[in-house]
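Colleague:
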Amino acid sequence: MKLFSWFKANAPQLDAGQLQRLQRLPTAAPLRECPLREQRWVVVDLETTGLNLNRDQVISIGAVAIEDGAIDLGQSFERTLQRTERTVSPSVLLHGLGPSALAAGSDPVEALLDFMAFVGDSPLLAFHAPFDQHMLCRALKESLGYRLQHPFLDVADLAPLLCPQANFREAGLDDWINHFRLQVEERHHASADALATAELALILFSRARQQQLDSPLQLQQRLGQWKRRQQAPSF
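Each residue of the sequence shown is one higher than the one before, starting from 829 at the first, in this note's numbering.
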């Protein structure tokens, strides 16, 4: 009984309208065996209060959709989440989000519901995706009691898989931006970083097609094989 009470006390408190929105969210779809350009993707970037996976919080979400083989600027998403911390870390200030901006942000429940409605059943792309995936999963669970099950591909892994000639080791987003001479006017802002990642993803999809990898499922499978080889011990 005590354990049940603990769960009940710590469950997210959603009103009737929020519960209805949560129940209407579409089920995540697995990656398909279809041409890459036929898949709608959502490229996401999160800004957080720090890099601690268990303690820090999501403070900003930026995202853009790739549809019909192109970035659709009409399908973009940006929210700053309301946080009440009186002090902010240097990493937060780097993103231009001071205490007043965080205090004036959107209610996290509403922002996350809006974001998942924007995502729909589409797979997600991010640069250094495991961090974004973990932080997004935690935020959704804590605020909505929602379990994220959408496929999440890491552009930071796709790049060296598809462009081994670049010969980068643990390259950052700026390294790939410079490698492909992308014109990026702004960085360290969730929506701007999502757009830069989307531009990089389109280049990588073109490289994938040249290598006879022209479906999301094929790309996911090849990426899994590549990661296993990278992690295998060398003798």
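Every residue gets a Cβ at the ideal spot worked out from N, C-alpha and C, and that includes glycine.
Remember, predicted model here, so these are calculated numbers, not experimental data.
Taking 8 Å as the threshold (C-beta atoms), are I899 and E1027 in contact?
Modeller: A contact, by the Cβ cut-off of 8 Å.
Colleague: In this structure, what does DSSP give as the bridge partners for S950?
Modeller: None; S950 has no bridge partner.
Colleague: Counting along the chain, where does the beta strand (DSSP E) carrying V871 start and finish?
Modeller: 869–876 is the span of the beta strand (DSSP E), which, as asked, contains V871.
Colleague: Among P927, V937, M944, which has the Cα closest to the Cα of L842?
Modeller: Selected option, being the one with the closest Cα: V937.
Colleague: Measuring CA to CA, which of S904, A857, T877, L953 is closest to T1025?
Modeller: Comparing Cα positions, the closest option is L953.
Colleague: Return helix, strand or coil for D982, following the three-state DSSP convention.
Modeller: Strand, per DSSP.
Colleague: Could you give the C-beta distance for V886 and L874, rounded to a whole number, given that I count them as a contact under 8 Å?
Modeller: Contact flag correct, Cβ pair sits at about 5 Å.
Colleague: Can you tell me whether T1025 is helix, strand or coil according to DSSP?
Modeller: Residue state, collapsed to three classes: helix.
Colleague: Tell me the residue span of the alpha helix (DSSP H) that contains D900.
Modeller: Segment 898–908 is the beta strand (DSSP E) holding D900; no alpha helix (DSSP H) there.
Colleague: Quick check: the Cα distance between T876 and P927, rounded to an integer number of angstroms?
Modeller: Distance between the alpha carbons of T876 and P927: 13 Å.
Colleague: Can you pull the DSSP bridge partners for S888?
Modeller: Its beta-bridge partners are E875, T908.
Colleague: Judging by CA-CA distance, which residue of Q1046, H978, L972 is the nearest neighbour of Q961?
Modeller: Comparing Cα positions, the closest option is H978.
Colleague: Measure the C-alpha to C-alpha separation of A984 and D1042 and round it to an integer number of angstroms.
Modeller: A984 and D1042: Cα-Cα distance of roughly 19 Å.
Colleague: Taking its Cβ as the centre, do 16 or more other Cβ atoms sit within 10 Å of D1021, making it buried, or is it exposed?
Modeller: Classification for D1021: buried.
Colleague: CB R868 to CB E895, shorter than 8 Å?
Modeller: Result yes, Cβ atoms of R868 and E895 sit closer than 8 Å.
Colleague: If you draw a straight line from the alpha carbon of R1050 to that of F996, how long is it in whole angstroms?
Modeller: Using only the alpha carbons, I get a separation of about 19 Å.
Colleague: Taking the continuous alpha helix (DSSP H) assigned at L964, which residues delimit it?
Modeller: Looking at the DSSP string, the run of the alpha helix (DSSP H) that includes L964 is 957–972.
Colleague: Can you pull the DSSP bridge partners for D934?
Modeller: The question names Asp, but residue 934 in the sequence shown is Ser. Note: S934 sits in a beta bridge opposite L909.
Colleague: Can you give me the C-alpha to C-alpha distance between A1060 and A1029, rounded to a whole angstrom?
Modeller: Their Cα atoms are separated by approximately 26 Å.
Colleague: Counting along the chain, where does the alpha helix (DSSP H) carrying D1002 start and finish?
Modeller: Note, D1002: alpha helix (DSSP H), 1001–1007.
Colleague: What is the DSSP secondary structure of A987, reduced to helix, strand or coil?
Modeller: Helix, per DSSP.
Colleague: Is it the case that the Cβ atoms of L968 and L976 are separated by a distance below 8 Å?
Modeller: Contact: yes.
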